[in-house]
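Just so you know, the protein sequences line up as chains A and B, in that order. Under numbering that gives the first Met the number 0, the first residue of the first sequence is numbered 0, with each subsequent residue one higher. Under numbering that gives the first Met the number 0, the first residue of the second sequence is numbered 0, with each subsequent residue one higher. Structure first, then comments.
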Amino acid sequence: MEFKSNKNKLLVKKSAILLIGFLALNSVKASSSEAQEDGFKAGEMIMHHISDAHEIHIIGDFAIYLPVILKTEEGFDVFSSSHLYHNERHLSDTASGKSIHYYAYEDYIMVHEHIYYADENGGIVLDDNGEVANQGVVLDLSITKNVAGLFFTIIIMFFIFFTVVKGYKKRGIGAPKGMQSFIEPLILFIRDEVARPSIGKQADRFMPFLLTIFFFIWISNLLGLIPFLGGLNITGTLSITMVLAAFVFITILFRGNKHYWMHILWPPDVPAGIKLILVPIEIAGIFIKPLVLMVRLTANITAGHIIILSFVSLIFIFGQQSAAAGYGIGVGATLFMIFMNFIELLVAFLQAYVFTLLAAIYFGAAVEEPHH
Amino acid sequence: MLSVSFGTVIWTTIAFLVVVLVLGKFAWPSILKSIKEREESIEDALRAAEKAKEQLQDLKEGNEKLLAEARQERDIMLKEAREVKESIIAEAKDRAILEADKVMAASRESIRNEKAAAIAEIKTQVAELSVLVAEKILKAELSSNDQQNAFVEEAMNNAKLN
Numbered sequence: 000m001e002f003k004s005n006k007n008k009l010l011v012k013k014s015a016i017l018l019i020g021f022l023a024l025n026s027v028k029a030s031s032s033e034a035q036e037d038g039f040k041a042g043e044m045i046m047h048h049i050s051d052a053h054e055i056h057i058i059g060d061f062a063i064y065l066p067v068i069l070k071t072e073e074g075f076d077v078f079s080s081s082h083l084y085h086n087e088r089h090l091s092d093t094a095s096g097k098s099i100h101y102y103a104y105e106d107y108i109m110v111h112e113h114i115y116y117a118d119e120n121g122g123i124v125l126d127d128n129g130e131v132a133n134q135g136v137v138l139d140l141s142i143t144k145n146v147a148g149l150f151f152t153i154i155i156m157f158f159i160f161f162t163v164v165k166g167y168k169k170r171g172i173g174a175p176k177g178m179q180s181f182i183e184p185l186i187l188f189i190r191d192e193v194a195r196p197s198i199g200k201q202a203d204r205f206m207p208f209l210l211t212i213f214f215f216i217w218i219s220n221l222l223g224l225i226p227f228l229g230g231l232n233i234t235g236t237l238s239i240t241m242v243l244a245a246f247v248f249i250t251i252l253f254r255g256n257k258h259y260w261m262h263i264l265w266p267p268d269v270p271a272g273i274k275l276i277l278v279p280i281e282i283a284g285i286f287i288k289p290l291v292l293m294v295r296l297t298a299n300i301t302a303g304h305i306i307i308l309s310f311v312s313l314i315f316i317f318g319q320q321s322a323a324a325g326y327g328i329g330v331g332a333t334l335f336m337i338f339m340n341f342i343e344l345l346v347a348f349l350q351a352y353v354f355t356l357l358a359a360i361y362f363g364a365a366v367e368e369p370h371h
Numbered sequence: 000m001l002s003v004s005f006g007t008v009i010w011t012t013i014a015f016l017v018v019v020l021v022l023g024k025f026a027w028p029s030i031l032k033s034i035k036e037r038e039e040s041i042e043d044a045l046r047a048a049e050k051a052k053e054q055l056q057d058l059k060e061g062n063e064k065l066l067a068e069a070r071q072e073r074d075i076m077l078k079e080a081r082e083v084k085e086s087i088i089a090e091a092k093d094r095a096i097l098e099a100d101k102v103m104a105a106s107r108e109s110i111r112n113e114k115a116a117a118i119a120e121i122k123t124q125v126a127e128l129s130v131l132v133a134e135k136i137l138k139a140e141l142s143s144n145d146q147q148n149a150f151v152e153e154a155m156n157n158a159k160l161n
């Protein structure tokens, strides 16, 4: 008991040191990349961090440059994003008075991580409102920061679950060990607390999908909390959560039984007048449900990132006034960041759980048998 | 972040499909099967333990019953033995008394017979003795002629000739 509590204390100490270290370094990172000549812009810095990028910015000038894959009229064009990032240009637009910086490489330019065809001079063209007027590429299939994060999630999942499967193959019905004993309670949690109460008899059919989506979201959320990974915001990216929600939507479409569709298209025991109102609402509901899943996950994860980044920004805003103010606020902000990081650890699990639970409830409604 | 990028959508779709299919084929079925099997085996074990407990209880009850029966049987046997013993003793006593009576009766009979025989013998002996004595006396008394004459005379006198 004595030993265990000591161990726990040590663990807490270690995590605290790690967190403080991360936050301190995070600040350095922010200072090196975001502090600009014309003052620190918190909004820009935060948006830059939570947005997708073609590089994984580790620290200072060190970044992992990801491959840019472009579908053009002529076919595919593949090159490293380092070519773009190493060729930064500025353009001061005299018409709108805006100053814009962009990256250029061969036939392409990149503005705010969007890739366009360059004009004849290999530069940017702005319209009267100061917006980019270059023609966009047909499709940007680049392995962006979040796509790379996605692949990372998949690799971690494969590693974890193939290890777990090996454990089950080795130990059979024996007591779980190692990774297996860590994952098994979660699997049981999804099965006994999420799938079975929500879906009922057919729960086991949906288990593979629910487990995959739960661990996919949870691990992605956790990756977003790891410092020095370029601020991955996998589950805070609408394009990604949209796909996850679409899978739920498609599953409901295909698994929905007659009872479910009848309930939507011709609700039983409802007067005709009410039906007129109810049916459009129900039909809208089919689409609203996955949309809600998508928006909730994106918003929650992004919000968490924004809050933590806001605390970082606070330090710089005050730091601009005087170094002392910066340090002073830094202590408080760091404490708040530590607190927020713990909250975010909880949120990472919670949002994965909520997404899975709601998906399970929707599936449950779709496969529910009439009970008369 | 809030604008949808088709490239990301395509990659995510591919990635998620790969995860769902690969884990759905190679991981989840065997994991869920193992968990189910273990749960079933635990349930079976619990049920078996319950059954064993019941059987043990039954066995205990049976043993107690057997013991009680044995005890009862022993009591009955002891009682019977006591009864048998008592009856044997009583019978033996009766027979002994009977035998003793018989012996007594026989001995009385033989005593009586012996006595009668003894008396008869004594009688003959006494008769012989008296004859002997009488002979001796007669011899002594009739040793002389005179005496013989006297005797005859007396005998004659005593004998009443009718």
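C-beta atoms are modelled at their ideal positions from N, C-alpha and C, and glycine is treated no differently.
Next on the checklist: What does the alpha-carbon distance come out to for the pair B:V83 and B:D74?
Outcome noted: 14 Å
Checklist entry - CA-CA distance, B:E85 and B:D93? => result 12 Å
Checklist entry - What residue range is occupied by the uninterrupted beta strand (DSSP E) comprising A:K70? => result P66 to T71
Checklist entry - Any chance the stretch 300-312 of chain A sits against the stretch 334-345 of chain A, with 3 or more Cβ pairs inside 8 Å? => result yes
Item to check | Exposure label - B:W27; buried when at least 16 CB within 10 Å | outcome: buried
Checklist entry - Do you know offhand how far A:E119's Cα is from A:Y84's? => result 20 Å
Item to check | Range covered by the alpha helix (DSSP H) that runs through A:H370 | outcome: It is not in any alpha helix (DSSP H) - A:H370 carries neither H nor E in the DSSP assignment.
Checklist entry - chain A beta carbons: is any one of them nearer than 8 Å to that of B:L22? => result yes
Checklist entry - Taking C-beta to C-beta, are A:I189 and B:I34 nearer than 8 Å? => result no
Item to check | Supposed close pair B:R23, A:P369 - CB separation, criterion 8 Å | outcome: Per the sequence shown, the amino acid found at residue 23 of chain B is Gly instead of Arg. Rounded, the Cβ-Cβ distance is 29 Å, inconsistent with contact.
Checklist entry - Once you ignore the five residues that flank A:W217 on each side, which residues in its own chain have a CB closer than 7 Å to its CB? => result A347, F348 and A351
Checklist entry - What is the C-beta distance between A:G229 and A:I57, in whole angstroms, given that I count them as a contact (C-beta under 8 Å)? => result 7 Å
Checklist entry - DSSP three-state call for A:F354: helix, strand or coil? => result helix
Next on the checklist: Please list, in chain order, the chain A residues whose beta carbon lies closer than 7 Å to that of B:I75.
Outcome noted: None at all; the shortest Cβ gap to chain A is about 55 Å.
Checklist entry - Does the separation of the CB atoms of A:A365 and A:G255 fall below 8 Å? => result yes
Next on the checklist: Let me confirm a value: A:A132 is counted as buried when at least 16 other C-beta atoms fall within 10 Å, else exposed. Which label applies?
Outcome noted: exposed
Checklist entry - Ordered along the chain, which non-local residues of its own chain (more than five positions away) have a Cβ less than 7 Å from that of A:H262? => result none
Item to check | Limits of the beta strand (DSSP E) - the one that A:A103 falls within | outcome: S98 to Y104
Checklist entry - So what does A:E54 bridge to, in DSSP terms? => result A:Y64
Next on the checklist: My output table needs one value for A:G74: the three-state DSSP class, helix, strand or coil.
Outcome noted: strand
Item to check | One or two residues paired with A:Y107 in a DSSP bridge | outcome: A:Y104 and A:Y116
Next on the checklist: For A:I239 and A:N145, which I take to be in contact (beta-carbon distance under 8 Å), what is that distance rounded to the nearest angstrom?
Outcome noted: 6 Å
Item to check | Collapsed DSSP secondary structure at B:E153 in the structure displayed | outcome: helix
Checklist entry - Residue range of the beta strand (DSSP E) that A:S91 falls in? => result E87 to S91
Next on the checklist: Beta-carbon within less than 7 Å of A:F151's beta-carbon, same chain only, minus the 5 sequence neighbours each way: which residues are those?
Outcome noted: L222
Checklist entry - Hey, A:M109 and A:Y116: beta-carbon distance below 8 Å or not? => result no
Item to check | Residues sharing a beta bridge with A:S79, DSSP | outcome: A:P66
Item to check | Buried or exposed by the 16-neighbour rule on C-beta atoms within 10 Å, applied to B:S142 | outcome: exposed
Item to check | Inter-stretch contact at 8 Å, needing at least 3 Cβ pairs: the stretch 319-326 of chain A / the stretch 274-289 of chain A | outcome: no
Next on the checklist: For B:A105 and B:A99, I'd like the C-alpha separation in whole angstroms.
Outcome noted: 10 Å
Checklist entry - Which residue from A:P267, A:D268, A:W260 and A:V291 puts its Cα closest to that of A:I282? => result A:W260
Item to check | B:F25 - containing alpha helix (DSSP H), residue span | outcome: Note, B:F25: premise wrong, no alpha helix (DSSP H); not H, not E.
Item to check | Assigned exposure category for B:G61 - 16 Cβ within 10 Å defines buried | outcome: exposed
Checklist entry - Should B:G61 be flagged as near chain A, meaning a C-beta pair shorter than 8 Å? => result no
Checklist entry - In this structure, what does DSSP give as the bridge partners for A:V131? => result A:L125
Next on the checklist: Counting only C-beta atoms, is B:R46 closer than 8 Å to chain A at any point?
Outcome noted: no
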